[in-house]
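Sequential numbering from 1 applies to the sequence shown in the numbering used here. Ideal placement from N, C-alpha and C gives every residue a C-beta, glycine not left out. For clarity, every value in this text was computed on a predicted model and none was experimentally measured.
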Amino acid sequence: MAKTILIFLTILFYSAAFAQKMNVEQYANFERYREANSKLGLPAKSESRVVFMGNSITEGWIAKSPEFFEKEGYIDRGIGGQVSHQMLLRFRADVIDLKPKVVVILAGTNDLAQNSGYTPIESIADNIFSMAELADYHGIKVILCSVLPASDFPWKSGLEPAEKIVTLNEIIRKYAAEKGFDYVDYHTAMKDDAGGLKVPEYTTKDDLVHPNKAGYAVMEKLVSPAIEKALGH
Numbered sequence: 001m002a003k004t005i006l007i008f009l010t011i012l013f014y015s016a017a018f019a020q021k022m023n024v025e026q027y028a029n030f031e032r033y034r035e036a037n038s039k040l041g042l043p044a045k046s047e048s049r050v051v052f053m054g055n056s057i058t059e060g061w062i063a064k065s066p067e068f069f070e071k072e073g074y075i076d077r078g079i080g081g082q083v084s085h086q087m088l089l090r091f092r093a094d095v096i097d098l099k100p101k102v103v104v105i106l107a108g109t110n111d112l113a114q115n116s117g118y119t120p121i122e123s124i125a126d127n128i129f130s131m132a133e134l135a136d137y138h139g140i141k142v143i144l145c146s147v148l149p150a151s152d153f154p155w156k157s158g159l160e161p162a163e164k165i166v167t168l169n170e171i172i173r174k175y176a177a178e179k180g181f182d183y184v185d186y187h188t189a190m191k192d193d194a195g196g197l198k199v200p201e202y203t204t205k206d207d208l209v210h211p212n213k214a215g216y217a218v219m220e221k222l223v224s225p226a227i228e229k230a231l232g233h
């Protein structure tokens, strides 16, 4: 009887551990880029690999401006709807293991939209800092980006994010300066008088968050010099 109970408890333990692993992998959506990462393999000696880590703003970038990524061989690892701690969970698989020379990190919008519940601004920043420090530890140059302006989140209206975004961006900017990381300020170039993303220049009145092609063109103009600097060009 004792042996049977022990076997049962052992099976229960490993089943729970497996389920927990599956839940974490599903939550962070490791599957999204698993096959692409496998096919990509390690960079050639002459390759200056650059990975963009982010949410739907990053994921949508390659859809609206594929030539920007194709021309330089940049790698897009954005996943729509993700908050910063989901990105942190998959950071090794989708950034570190790809052995890039540079990572461009853009995170925070969905945290402020409370996609996974309320998260203090300091905790959002800490998740971003953890990604930056992981990259730095592995010899990857870090480019931290400001959160894009937003006056509202249509899928979670009423949170009044404009000033919270300014606060988060200032924390990120100061941290980047302290650590010697490059900081790219999309916010200042793209905001309107209400602290939102300019309509109709850079987004639509029904969206308010995701850039159009003209908006991505502004971002490309701002991030490209930072990438060139990080690569030593």
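- The continuous stretches of alpha helix (DSSP H) do not include D182, which lies in the beta strand (DSSP E) extending over residues D182 to V184.
- Every beta strand (DSSP E) of 3 residues or more that sits fully in the segment 124–206 is shown, in chain order, as 141–145 and 182–184.
- Residue state for G108 is assigned as coil, using DSSP reduced to three classes.
- By the neighbour-count criterion, in which a residue is buried when 16 or more other Cβ atoms sit within 10 angstroms of its Cβ, G196 is buried.
- Shown here, R34 sits in a helix according to DSSP, grouped into three states.
- Counting the other Cβ atoms within 10 Å of the Cβ of E59 gives 16 or more, which makes it buried.
- When DSSP states are grouped into helix, strand and coil, I96 belongs to the helix group.
- For the pair Y183 and I171, the CB atoms are not nearer than the 9 Å cut-off.
- The beta carbon of N110 sits closer than 7 Å to those of N55, G81, Q82 and V83, all from its chain and outside the five residues before and after it, given in chain order.
- Here the C-alpha atom of G139 lies approximately 39 Å from the C-alpha atom of V199.
- Look at the beta carbons and you see the segment 43–50 touching the segment 96–115: at least three pairs across the two are nearer than 8 Å.
- Close CB contacts of N127 within its chain, under the 6 Å cut and outside five residues either way in sequence, are with S84, H85 and L88 (chain order).
- Distance from the CA atom of G41 to the CA atom of G78, rounded to whole angstroms, is 18 Å.
- With 16 or more neighbouring CB atoms inside 10 Å of its own CB, K191 falls in the buried class.
- Comparing C-alpha distances from R90 to each of A189, L134 and Y216 shows the shortest one belongs to L134.
- The beta carbon of L159 lies closer than 8 Å to those of L112, A113, Q114, D152 and F153 in the same chain, with the five residues before and after it left out.
- Our two residues, E70 and W61, have alpha carbons roughly 12 Å apart in a direct line.
- Bridge partners of I75 according to DSSP: V51.
- In the DSSP annotation of this structure, the continuous segment of the alpha helix (DSSP H) that includes Y216 starts and ends at K213 to L231.
- Put simply, the backbone Cα of S65 is about 28 Å away from that of D136.
- Exclusion of the five residues before and after K164 leaves L112 and I121 as the residues of its chain whose Cβ lies within less than 7 Å of its Cβ.
- The alpha-carbon separation between F30 and A93 amounts to approximately 8 Å.
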